[in-house]
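For the sequence shown, the numbering used here assigns the number 160 to the initial residue and increments by one for each residue that follows.
Every residue gets a Cβ at the ideal spot worked out from N, C-alpha and C, and that includes glycine.
Values in this document were obtained by computation on a predicted structure and should not be read as measured data.
Written below as structure tokens is the structure these notes are about.
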Amino acid sequence: MDKLALRDTTPQFAIGVLSRRTGVNIETVRYYERIGLIPAPARSEGGHRLYGGGHLLRLNFVRRARDLGFTLNEVRALLDLAEERDRPCSEAREVAAGHLTDVRSKIASLRAMERVLSEMVARCADGSTPDCPIIESLFSIEIEAPH
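What follows is the structure, given as structure tokens:
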């Protein structure tokens, strides 16, 4: 990615066009602007936001990173690295590796939840009895919740 292209804020299109081209909701675009993930755009004489190619590139980057579950702080760090391409790739790798560790931890928690829920559903058999093992299990302190 060319750093200059990322910084191109030459007014080209309205927020609706930017939203459609990136798949990012208009309110989310405004939010990302407020928190500094995308730079403030130029304004038309009527006060409408006008975005450039750099906004488009940056917003696509943010959307893809968010789709992968990166936090806003991680996205910000990766964007900083994208703008400072003279820094080693290892810094981006560290951010991604930290996120990967978090994802693996969440997967482990989800597997534990699946196991507990599967056991609860299995206790219910066909669900025809008035006593509900699922509800009773939720009142029980014997079930170990995943961490």
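{"Asked": "Residue burial classification, Thr169 (beta-carbon count within 10 angstroms, cutoff 16)", "Found": "exposed"}
{"Asked": "For Leu218 and Leu177, the rounded distance between their alpha carbons", "Found": "9 Å"}
{"Asked": "Coarse secondary structure for Ala236, derived from DSSP in three states", "Found": "helix"}
{"Asked": "Cβ-based neighbour list, Leu165, same chain, cut-off 8 Å, excluding 5 preceding and 5 following", "Found": "Gly213, Leu216, Arg217, Ala241 and Glu242"}
{"Asked": "Limits of the unbroken alpha helix (DSSP H) element including Arg270", "Found": "Ser249 to Arg282"}
{"Asked": "CB contact below 9 Å: Ala255 versus chain B", "Found": "Given the protein chain composition of this structure (a single chain), no chain B is represented."}
{"Asked": "9 Å Cβ cutoff met for Ala256 and Leu237", "Found": "no"}
{"Asked": "Distance between His258 and Lys162 (C-alpha atoms, nearest Å)", "Found": "25 Å"}
{"Asked": "Span of the alpha helix (DSSP H) around Ser178", "Found": "Ile174 to Thr181"}
{"Asked": "Helix, strand or coil at Leu209 [DSSP, three-state]", "Found": "strand"}
{"Asked": "Local Cβ density within 10 Å of Thr288, reported as buried at 16 or more and exposed below that", "Found": "exposed"}
{"Asked": "The alpha helix (DSSP H) enclosing Glu192, as first and last residue numbers", "Found": "Ile185 to Arg193"}
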